[in-house]
Structures are given as C-alpha cells and as structure tokens.
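Visitor:
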Amino acid sequence: HVLVLERNQIRVSQGNFSSWWENKKKEDKFEQAENEKLKKEIGKLKIAARQSGMWADQAERSKIGFD
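The sequence shown begins at 1271 in our numbering and counts up by one.
See below:
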C-alpha cells in the first residue's frame, strides 16, 4: 500500500509506488485533455456571446433609428 498525500485529500492506494505513479500519470493526462476541451468550449461560447451581443446592438439601433 502507498499513502498518497494530495492537495485536497489523503488516501491509501493499493499496490506499490510504480503502480500509483502510472495511475497518476493517466489521471493527469485525462484531466489535461478535459481541461483543453473545456477551454475550447469556453472560447466558442465567448465568440457566440460576442456575436449575439453585436446582433442585439444592431437590432436596437435599427429600432431607435440610428441605423
């Protein structure tokens, strides 16, 4: 068994250090891929919000008669 001291918890992992290290690398790789996916999604949402805002501003200007 291996005592694992993480940022937010302490746990006991079955196996030896090498097996824990391999599992940790897999978890880190998965988390990094998930983070990249979320960053791309955030970028797309920001672009969509900006576009919607521009359309709304344009519609309001045409209602008021500035366009």
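Yeah, the Cβ is synthetic: ideal placement off N, Cα and C, and Gly gets one too.
Quick caveat, the model's predicted, so the values are computed rather than measured.
What is the C-beta distance between Ser1288 and Val1274, in whole angstroms, given that I count them as a contact (C-beta under 8 Å)?
Guide: Ser1288 to Val1274, Cβ: 14 Å. No contact.
Visitor: Counting along the chain, where does the alpha helix (DSSP H) carrying Arg1281 start and finish?
Guide: From DSSP, Arg1281 is part of no alpha helix (DSSP H) but of the beta strand (DSSP E) over 1280-1283.
Visitor: Taking the DSSP output, what are the residues bridged to Leu1275?
Guide: According to DSSP, Leu1275 bridges with Ile1280.
Visitor: Give the straight-line distance between the Cα atoms of Gln1321 and Glu1304, rounded to the nearest whole angstrom.
Guide: The alpha-carbon atoms of Gln1321 and Glu1304 are separated by roughly 26 Å.
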